[in-house]
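There are 2 protein chains.
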Amino acid sequence: MTVKGRRQEYVEATRAALLDSALELFTEKGFAQTSLDEVAAAARLTKGALYHHFAGKQALFEQVLATVNDRIAQTVVEAGAEVDEPWARLTRGLDAFLDACLDREYQRICLRQAPAVLGWERCRELEAGMMGLLDAMLRELAVAGRSRLQPSPLLTRVLFRMLSEAAMAIGEAEDPKAARVEVGVLVEELLHSVHGGNAGSLTSR
Amino acid sequence: MTVKGRRQEYVEATRAALLDSALELFTEKGFAQTSLDEVAAAARLTKGALYHHFAGKQALFEQVLATVNDRIAQTVVEAGAEVDEPWARLTRGLDAFLDACLDREYQRICLRQAPAVLGWERCRELEAGMMGLLDAMLRELAVAGRSRLQPSPLLTRVLFRMLSEAAMAIGEAEDPKAARVEVGVLVEELLHSVHGGNAGSLTSR
DNA sequence: TTGGCCAGATACTCTGAGTATGGAATATCC
DNA sequence: GGATATTCCATACTCAGAGTATCTGGCCAA
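The listed protein sequences correspond, in order, to chains A and B. Counting in this note's numbering, the first sequence runs without a single skipped number right up to 186 at its last residue. Counting in this note's numbering, the second sequence runs without a single skipped number right up to 186 at its last residue.
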């Protein structure tokens, strides 16, 4: 681990600049509507640099996606780690997730465009981390004997997509804050009837 | 309303031929991977004819989509119309829907590609018919006092997307028939805990 | 018959992703 | 420390394919 030389710093800076421009443009104009020349120009570079660092347009998008995705996953994990009780962890995580949905970049990049650009299967591969989080929480709940339905990959998957849709609804609403609240209530009710039907309070043992 | 002349018959035939080729190619190769020249050639025509009948590639796709969508909606409506009791109508409709998901064209065109090609908002506009069906059934259920949650556009939307995801899961499975069964069970359980928690039997009054 | 019109064909433009190549700076080797 | 390889990025190109402009042959109405 030698200290980074000037050269390497420059290289990383151009790469980061490309990712930044791409994130900005993909978010604002959409993947199909932004050309690679634009991305490069916005970073004061040329397509040559871009193709040096990334395999192609899709690969560039994937990197951008991963960045945003990781950021959100991080906050969800942190929110969940604050508590121990399974149900509380789940609701905390969901809250953090829904809050993240107010983030324009997450909305546009991860929710709206990712499936269109990469296709559903590839997209699901990249979503595996998030799905894993949800799956783990549901299993915890099951172990604690707090769920009617036993967890299964299919259940997790279906619930995850439901959350994504709820998330998109938040982003599309004219008043996202209000929508956030409405969605929060609905999701809690849903989870409650699906999993916690036996408990009236979220904090019950 | 005069009888159709030869000429008009020919015109309708070429239009239909274009739609057929497009359906075939979009289904098999995907929207982005099929060129309009291919579509035209497959119908033994040229791009000129295609642009004469359709405003562009997206418009062509929309027509194809509408065709498939209407076909499925039709079967769902018919299945629901066979019974009167709200809960039975819902389960019948869902069964018909999930069966339809075994259809390759519905899978590829409506579920997989539509959002990518047209964008989510336009896609939802075209899904309005289907959503309306689900919404009506849920309201019926609520009127009959058979649901814990009161119906709302958001609830309908979220449940609808959940069904779409379940539908995609069916289509992707190595054994769609088996997946169909698994999904059927899960969906029934879910709806049961969300809406019919008070009833043990699907046919109870 | 004749002029207009419509379905469809032909030939074009133009954008943008991807490629080939060049060249300057830096790293590596002897 | 000079020669050589390698890295990073720029310039100049190809090529596919969506969309457009224009043409033509047949049908219908007057």
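Glycine included, C-beta positions come from ideal geometry on N, C-alpha and C. In this text, all values refer to a predicted model and were calculated from it rather than measured experimentally.
When the cut-off is 8 Å and only beta carbons count, does residue i lie next to chain A?
i	result
B:VAL139	yes
B:ARG(-13)	no
B:VAL175	yes
B:LEU135	yes
B:LEU167	yes
Evaluate residue i with the Cβ neighbour count: other Cβ atoms within 10 Å of its Cβ, from every protein chain shown; 16 or more gives buried, anything less gives exposed.
i	result
A:ALA125	exposed
B:VAL45	buried
B:ARG73	buried
A:GLY61	buried
B:VAL166	exposed
B:THR8	buried
A:ALA109	exposed
Nearest-angstrom Cα distance between residue i and residue j?
i	j	result
A:LEU(-1)	A:THR56	25 Å
B:GLU43	B:LEU99	8 Å
B:ARG105	A:GLN(-11)	47 Å
B:LEU4	B:GLY113	25 Å
A:ALA54	A:LEU79	12 Å
A:LEU107	A:VAL49	11 Å
B:GLU153	B:LYS10	16 Å
A:ALA21	A:ASP1	10 Å
B:PRO134	B:ARG120	11 Å
A:PHE12	A:LEU6	8 Å
A:ALA123	A:LEU130	8 Å
B:LYS38	A:PRO67	50 Å
B:SER16	A:ALA30	30 Å
A:ASP76	A:GLU169	10 Å
B:LEU92	A:ALA97	12 Å
B:GLY(-14)	B:HIS33	20 Å
A:HIS173	B:MET111	27 Å
Report back the beta-carbon spacing between residue i and residue j to the nearest angstrom; my notes put them in contact at under 8 Å.
i	j	result
B:VAL139	A:MET143	5 Å
A:ASP156	A:THR137	That belief does not hold up - the Cβ atoms of A:ASP156 and A:THR137 are roughly 31 Å apart, past 8 Å.
A:VAL175	B:LEU171	7 Å
Compare the C-beta of residue i with all C-beta atoms of chain B and state if any pair is closer than 8 Å.
i	result
A:LEU183	Caution applies to A:LEU183, whose pLDDT of 37 falls short of 50 and renders its modelled position unreliable; the value that the coordinates give is listed next. No, A:LEU183 lies away from the interface with chain B (no Cβ there is under 8 Å from its Cβ).
A:LEU31	no
A:TRP68	no
A:MET143	yes
A:VAL45	no
Rank the options by C-alpha distance to the C-alpha of residue i and give the top, closest one.
i	options	result
B:ARG89	B:VAL(-8), B:VAL162, B:MET149, B:LEU171	B:MET149
B:ASP84	B:PHE12, B:PRO134, B:ALA21, B:ARG52	B:ARG52
B:ALA(-6)	B:THR15, B:ALA24, B:LEU92, B:LEU41	B:ALA24
B:ALA147	B:LEU26, B:ALA81, B:ASP18, B:HIS34	B:ALA81
B:ARG103	B:ALA47, B:ALA(-3), B:MET118, B:ARG127	B:ALA47
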